[in-house]
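One structure is given below, encoded as structure tokens.
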């Protein structure tokens with residue numbers, strides 16, 4: 001049984017991520033958001049389902065496609081939006097942008113512009129908590145493409161041999177930048193690689209927030225009990241290009257959108273919520289309206305915020 | 001004061017800092033059971049246990065990456081690189097993560113960790129176990145880089161590096177490990193990072209060096225003294241940030257400059273110092289700047305070739321004599 005509070009949290013978080021991403025996509029296409037922007041649309045159920053099991057004392061390591069993780073971990077959308085616009089009021093004072101978004105106050109240890117760059121830092125965060133004697137854990141999100149980095153092997157082995165409280169969450173969205181999964185990865189299911197580290201590995205439907213939540217819950221409890229890492233693979237689909245502006249010459253957009261329409265994690269949640277009488281249509285609409293207002297306020301906040309002064313160039317380099 | 005080896009000095013630094021702060025821990029290959037290849041970790045696990053003195057898998061990206069993550073999570077890791085050459089394996093962790101995290105996240109956090117890296121020529125270890133790579137890191141904003149030349153500095157700089165809230169690369173020359181010297185016994189003895197040490201005052205020429213080549217710098221000064229040339233010798237101690245003021249002050253007094261390091265001369269620390277002096281004090285110079293460093297080749301194996309690769313006191317003496 002899911003509490004109403006948790007159901008509302010699932011829906012609010014997924015809609016918040018979706019609307020954040022749709023909004024920044026527009027601003028990015030207009031050139032008002034500088035730099036590279038990678039969208040998480042279609043993958044919302046994963047960050048939402050996993051992070052719903054975590055507290056602010058737990059850590060996450062994110063990726064270049066990291067806005068969803070940041071929101072799900074509890075960051076504020078206004079300061080995120082400001083960061084993406086390169087404004088002084090952003091989480092990183094405009095020094096990071098989309099690929100380097102972070103909110104350390106909620107345990108979000110940063111997106112990463114290096115694919116596969118987060119694994120080992122998550123292992124280290126888990127190690128630190130073990131040394132301190134807490135039951136806090138760390139989670140690293142990564143894609144199917146990143147699972148082919150050598151860092152994947154070093155991190156999983158170290159976490160497994162030291163039984164560290166680290167959860168490896170593979171968001172298998174079928175695409176490594178412009179290359180399809182089957183062209184760059186020798187296995188269909190990334191989770192089977194868990195065998196190599198003698199740890200549990202499981203594959204779930206990444207567009208079903210309930211399935212993700214339950215699989216992550218088991219992994220989180222295991223980690224908190226000191227039983228070591230889990231490799232959790234969530235199957236999903238990247239809806240947009242690798243980055244905003246990607247012409248996607250390597251695949252059929254129509255086919256992608258058809259698959260998405262039939263398997264949108266938010267629509268699936270809405271249908272289940274109404275059908276099983278978990279939340280009413282009205283309740284869902286109220287949440288959507290609230291999120292919309294929040295996103296519009298975030299946009300206003302970002303647009304009205306000043307850019308950092310050039311004197312900020314040399315600050316934050318050393319303590 | 002007591003006389004101990006460079007290796008013991010680094011061990012004392014670790015012991016004192018691990019006693020002082022229980023968030024300090026160390027991990028690396030062959031450090032706990034073996035005690036490190038130079039004995040620099042001997043006895044550490046007996047006092048602090050295998051949780052805080054960890055033998056790792058042969059996984060350099062995991063060692064450094066995990067140290068960065070552990071630093072973000074409130075501990076003070078010391079990661080041992082076995083050989084400085086192996087930093088190449090985990091360069092992403094060093095230059096894209098460790099060095100940049102504080103800045104790119106707008107100062108939300110810091111990365112208080114030390115990366116220890118034994119470097120330099122020793123016993124024909126050849127191309128992949130002999131290099132001095134400190135200049136790579138001079139080019140990366142966000143890092144601090146130190147390279148002690150004697151046991152006292154080895155201890156004081158390592159303690160300062162562990163207490164520093166920034167990521168510090170600690171290059172310890174392999175041939176220095178067995179050398180002895182006097183070391184202060186005060187548990188709060190620190191050598192400040194970022195400050196050079198004027199080891200010998202002089203008025204005719206400035207010799208800037210660090211690490212193992214400080215021995216050659218002192219020899220050079222002695223040889224020159226016999227010819228009536230009074231050399232000032234500066235031990236850089238810190239490679240980044242370079243103590244520009246100490247160098248400029250000295251050059252303004254002596255009007256001549258030689259820089260010596262065991263690393264390859266081209267693109268080395270000497271190049272940066274030369275450029276800096278040329279930009280800021282060229283009118284102070286009475287002679288061209290001379291750099292002495294290793295030849296522009298990978299480190300060769302055969303003892304005769306290794307000797308030809310290695311920078312020498314004779315080159316330093318000749319370089320300075322040519323200035324007059």
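Protein chains in written order, with UniProt numbering: chain Z, 1 to 319; chain L, 1 to 324.
For glycine and all other residues, C-beta sits at the position ideal for the given N, C-alpha and C.
CA nearest to the CA of residue i, picked from the options
| i | options | result |
| --- | --- | --- |
| residue 210/L | 237/L, 221/L, 184/L | 237/L |
| residue 175/L | 38/L, 140/L, 30/L, 29/L | 38/L |
| residue 130/Z | 284/Z, 38/Z, 159/Z, 244/Z | 159/Z |
| residue 154/L | 86/L, 78/L, 12/L | 12/L |
| residue 179/L | 32/L, 126/L, 319/L, 40/L | 40/L |
| residue 318/L | 279/L, 216/L, 239/L | 216/L |
| residue 27/L | 9/L, 228/L, 59/L, 2/L | 59/L |
| residue 157/L | 132/L, 276/L, 187/L | 187/L |
| residue 143/Z | 242/Z, 208/Z, 128/Z, 75/Z | 242/Z |
| residue 23/Z | 306/Z, 182/Z, 297/Z, 211/Z | 297/Z |
| residue 271/Z | 251/Z, 11/Z, 5/Z | 11/Z |
| residue 5/L | 264/L, 173/L, 322/L | 173/L |
| residue 316/L | 239/L, 206/L, 281/L | 206/L |
| residue 183/Z | 175/Z, 190/Z, 189/Z | 175/Z |
| residue 79/Z | 9/Z, 262/Z, 101/Z | 101/Z |
| residue 196/Z | 177/Z, 161/Z, 226/Z, 224/Z | 161/Z |
| residue 289/Z | 1/Z, 4/Z, 7/Z, 19/Z | 19/Z |
Whole-angstrom C-beta distance between residue j and residue i, which should lie under 8 Å
| i | j | result |
| --- | --- | --- |
| residue 42/Z | residue 308/Z | Incorrect: roughly 33 Å between the Cβ atoms, too far for contact. |
| residue 168/L | residue 193/L | 7 Å |
| residue 269/L | residue 130/L | With 8 Å as the limit, residue 269/L and residue 130/L do not qualify as a contact, their Cβ atoms being about 17 Å apart. |
| residue 81/Z | residue 299/Z | 6 Å |
| residue 72/Z | residue 212/Z | Between residue 212/Z and residue 72/Z the Cβ distance is about 11 Å, and since that is not below 8 Å, they are no contact. |
| residue 284/L | residue 251/L | 6 Å |
| residue 324/L | residue 229/L | 7 Å |
| residue 79/L | residue 116/L | 7 Å |
| residue 183/L | residue 151/L | 5 Å |
| residue 254/L | residue 202/L | 7 Å |
| residue 82/L | residue 119/L | No, residue 82/L and residue 119/L are not in contact; Cβ-Cβ is about 11 Å, not under 8 Å. |
| residue 33/Z | residue 85/Z | 6 Å |
| residue 64/L | residue 94/L | 6 Å |
| residue 305/Z | residue 87/Z | 4 Å |
| residue 344/Z | residue 115/Z | Outside the displayed range of chain Z (1 to 319) lies residue 344/Z, so it cannot be described from this structure. |
| residue 238/Z | residue 230/Z | Rounded, the Cβ-Cβ distance is 24 Å, inconsistent with contact. |
| residue 339/L | residue 301/L | Examination of residue 339/L is not possible in this model, given that chain L is present from 1 through 324 alone. |
Inter-residue spacing [alpha-carbon to alpha-carbon] between residue i and residue j
| i | j | result |
| --- | --- | --- |
| residue 292/Z | residue 151/Z | 39 Å |
| residue 157/Z | residue 284/Z | 43 Å |
| residue 213/L | residue 117/Z | 36 Å |
| residue 195/L | residue 7/L | 23 Å |
| residue 248/L | residue 40/Z | 53 Å |
| residue 48/Z | residue 106/Z | 15 Å |
| residue 16/Z | residue 166/Z | 27 Å |
| residue 122/Z | residue 98/L | 13 Å |
| residue 33/L | residue 35/Z | 48 Å |
| residue 51/L | residue 164/L | 22 Å |
| residue 56/Z | residue 220/Z | 14 Å |
| residue 199/Z | residue 148/Z | 18 Å |
| residue 75/L | residue 128/Z | 6 Å |
| residue 303/L | residue 185/Z | 46 Å |
| residue 155/Z | residue 127/L | 28 Å |
Identity of the residues DSSP links to residue i by a beta bridge
| i | result |
| --- | --- |
| residue 207/L | 233/L, 258/L |
| residue 290/L | 258/L |
| residue 54/L | 27/L |
| residue 138/L | Residue 138/L pairs with nothing; no bridge assigned. |
| residue 293/Z | Beta-bridge pairing links residue 293/Z to no other residue. |
| residue 170/Z | 142/Z, 233/Z |
| residue 199/Z | In DSSP, residue 199/Z forms no bridge with anything. |
| residue 205/Z | 235/Z |
| residue 4/L | 181/L |
| residue 170/L | 116/L, 146/L |
| residue 240/L | 145/L |
| residue 60/Z | 108/Z, 139/Z |
| residue 325/Z | In this structure chain Z extends from 1 to 319, so residue 325/Z is not present and cannot be described. |
| residue 162/Z | Residue 162/Z pairs with nothing; no bridge assigned. |
| residue 179/Z | 176/Z |
| residue 128/Z | According to DSSP, residue 128/Z bridges with nothing at all. |
Does the contact criterion of 3 or more C-beta pairs under 8 Å hold for the region 64 to 73 of chain L versus the region 102 to 121 of chain L? yes
Does the count of Cβ pairs from the region 56 to 63 of chain Z and the region 265 to 282 of chain Z closer than 8 Å reach three? no
So does the region 141 to 148 of chain L actually touch the region 131 to 146 of chain Z, counting three or more Cβ pairs closer than 8 Å? no
Flag this pair as touching only if the region 253 to 273 of chain L and the region 286 to 299 of chain L have three or more C-beta atom pairs under 8 Å; answer yes or no. yes
Are the region 219 to 229 of chain L and the region 273 to 280 of chain L in contact at 8 Å, needing three or more beta carbon pairs? no
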